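First comes the structure, then the notes that go with it.
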Amino acid sequence: MKRVGVIGLGYWGPKLARCFKELGVLWAIADQDERRVYEVNESLGIGNLAADIGALLALDCDAIAIATPPETHYDIAREALNAGRDIFIEKPMTISSSDAESLQKQAGAQGRNLMVGHIYLHNGGIKRMPVPVGKAELYVQLLNEKGGP
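Throughout the sequence shown, residue numbering follows full-length UniProt numbering, covering 1 to 149 in sequence.
Listed below in structure tokens is the structure:
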């Protein structure tokens, strides 16, 4: 059984943590805002709390779920991969394609799993979207106001 640590407890991180807890694999949570860590932990009731990726890795997680601001994804994922952890990373994976390719290569070379969360790929409305016929053009605008599981 994997032990998952979630880093980033803004909007999406607590939702991920709750899902991992329901699956019985949540091991630890982390955020640079200590108050937020304790606030989120009130509903989760786990004992492993951390302030950053280094402290989270020290808690012996098998995998890290990254839900921090996008500009931090690359450095956090790289540090977790260097520590031999599997990675689940929220979209966007990184803010540059070269960083994304670098993480992909590193994960492959180390035999680690690297998965990017793209929840809308599995949204029923997207799956049922009509396919354009012939040379017609299709314009799609997705709007979301605090949606999610």
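Just so it is clear, CB atoms sit at the ideal spot from N, CA and C, and this is done for glycine as well.
As the structure is a computational prediction, the values presented were derived from the model and not from experiment.
Range covered by the alpha helix (DSSP H) that runs through residue i
{"i": "glycine 84", "result": "Segment: none, glycine 84 is in no alpha helix (DSSP H) and carries neither H nor E."}
Cβ-based burial, residue i [other Cβ within 10 Å; buried from 16]
{"i": "leucine 103", "result": "buried"}
{"i": "arginine 35", "result": "exposed"}
{"i": "glutamate 71", "result": "exposed"}
{"i": "methionine 115", "result": "exposed"}
{"i": "aspartate 75", "result": "exposed"}
{"i": "proline 149", "result": "Confidence in proline 149 is poor, its pLDDT being 47 and thus under 50, which makes the residue's placement unreliable; the coordinate value appears in the next sentence. Flag for proline 149 reads exposed."}
{"i": "residue 150", "result": "Residue 150 is absent from the model: the chain starts at 1 and stops at 149."}
{"i": "glycine 24", "result": "exposed"}
{"i": "residue 150", "result": "The requested residue 150 does not occur in the structure, where the chain is confined to residues 1 to 149."}
Boundaries of the beta strand (DSSP E) in which residue i is found, first to last residue
{"i": "glycine 5", "result": "4-7"}
{"i": "glycine 117", "result": "114-117"}
Rounded straight-line distance, which links the Cα of residue j to that of residue i
{"i": "leucine 16", "j": "asparagine 82", "result": "23 Å"}
{"i": "aspartate 60", "j": "isoleucine 46", "result": "14 Å"}
{"i": "methionine 93", "j": "histidine 73", "result": "7 Å"}
{"i": "glutamine 110", "j": "arginine 3", "result": "19 Å"}
{"i": "lysine 105", "j": "leucine 49", "result": "30 Å"}
{"i": "residue 188", "j": "isoleucine 95", "result": "Since the first residue shown for the chain is 1 and the last is 149, residue 188 is missing from the structure and cannot be characterised."}
{"i": "leucine 26", "j": "alanine 51", "result": "16 Å"}
{"i": "leucine 57", "j": "tyrosine 11", "result": "22 Å"}
{"i": "valine 6", "j": "alanine 28", "result": "6 Å"}
{"i": "arginine 112", "j": "isoleucine 87", "result": "8 Å"}
{"i": "lysine 91", "j": "proline 69", "result": "10 Å"}
{"i": "alanine 107", "j": "alanine 80", "result": "10 Å"}
CB contact check: residue i to chain D, cutoff 7 Å
{"i": "isoleucine 95", "result": "Going by chain labels, chain D is absent from the structure shown, which holds only one protein chain."}
key: Start-end ranges of the alpha helix (DSSP H) lying completely within the segment 16-97, minimum 4 residues   = The segment 16-97 contains these whole alpha helix (DSSP H) runs: 34-44, 53-57, 70-82.
query = Hey, is the segment 59-69 in contact with the segment 19-32, meaning 3+ C-beta pairs nearer than 8 Å?
reply = By the C-beta criterion, the segment 59-69 is judged to be in contact with the segment 19-32, since at least 3 inter-stretch pairs fall below 8 Å.
inquiry  = Quick test of the definition: if touching needs 3 or more C-beta pairs under 8 Å, does the segment 93-102 touch the segment 42-49?
reply    = With the rule of 3 Cβ pairs closer than 8 Å, the segment 93-102 does not count as touching the segment 42-49.
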